[in-house]
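Residue numbers for the sequence shown, in my numbering: 60 to 214. All C-beta atoms in this analysis are idealised placements derived from N, C-alpha and C, irrespective of residue type, glycine included. Model, not experiment: these values are computed from the prediction.
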Amino acid sequence: MRSWRPCFQRILSSKCGLFKYITYTFSGVSTGPNRVYFTEDDATLIEEDITAQSVFNPGLNLLKDLPGFGLVCTWTVMAEIGDITRFPSAREFTSYCRFVPGSRDSGGKQRHRSGNKDGNRYLRTVYNQAAVIAFTRYGPVREFYKKIKRRSGKV
C-alpha cells in the first residue's frame with residue numbers, strides 16, 4: 060500500500076469542476092484526520108481517469124510543458140486555481156499563490172515577514188517543488204539561478 064497525502068482528494072473535489080464526474084469506491088481505509096491509504100490499484104485507477112479527462116483541458120498541457128511540472132503538480136495547480144479569471148490582476152494571483160512576502164507596518168517602520176500565511180498553501184508547496192525539480196534536472200534553469208545568485212553577491 061502506498062500512502063497518498065490528501066492530494067487526490069483535493070484534486071477530485073477541485074474548485075474548477077475539472078474532475079467532477081469521477082466517482083470511486085476506495086479499498087483503502089482512513090486512519091486519521093485527512094489521511095487515506097490507497098492501494099496501488101486505486102491510485103492507478105484515479106490517475107488513468109484524470110489523465111483521460113485532462114485531454115479536454117488545454118491549460119493542463121501548457122502547464123506540463125513547464126520545467127519541473129509533472130502530472131500531479133499540474134493537476135494540483137489546476138484544481139487549486141480553478142477559473143483564472145477570478146483574479147483581476149497578476150498581483151492578486153501571485154499573492155494568492157503566496158509569492159508575496161507579508162509585511163507589518165507600524166509607526167513608519169516596515170517589517171517583512173517571511174512566513175506569510177495569506178493565500179493557498181498547496182499552491183506554494185507545488186510551485187516550490189516544481190522549482191527544485193527544475194533546478195536539479197534542467198540545465199538552463201540552473202544556469203539562470205546561478206546568474207541571479209552571482210549578481211546578488213550570494214555565491
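Between Ser113 and Glu202, what straight-line distance do the alpha-carbon atoms span, to the nearest angstrom? Along the sequence shown, one-based indexing puts residue 113 at 54. Along the sequence shown, one-based indexing puts residue 202 at 143. Cα to Cα, Ser113 sits roughly 32 Å from Glu202.
Between the alpha carbons of Ile207 and Phe115, how many angstroms are there, rounded? Numbered from 1 along the sequence shown, position 148 holds the residue referred to as residue 207. Numbered from 1 along the sequence shown, position 56 holds the residue referred to as residue 115. Each residue's Cα considered, the two are about 38 Å apart.
From what residue to what residue does the alpha helix (DSSP H) around Cys132 run? The count along the sequence shown starts at 1 and reaches residue 132 at position 73. Run containing Cys132: Leu130 to Ile140, per the alpha helix (DSSP H) assignment.
Compute the distance between the beta-carbons of Ser154 and Gly178, then report whether it is under 8 Å. Position 95 of the sequence shown, counted from the first residue, corresponds to residue 154. Position 119 of the sequence shown, counted from the first residue, corresponds to residue 178. Cβ atoms of Ser154 and Gly178: closer than 8 Å.
Residue environment, Glu151, which counts as buried when at least 16 other CB atoms sit within 10 Å: Numbered from its first residue, the sequence shown carries residue 151 at position 92. When all chains shown are included, Glu151 counts as exposed.
Could you tell me whether the Cβ atoms of Val185 and Thr135 are closer together than 8 Å? As a working note, residue 185 is residue 126 in the sequence shown. As a working note, residue 135 is residue 76 in the sequence shown. In this structure, Thr135 lies closer than 8 Å to Val185 by Cβ.
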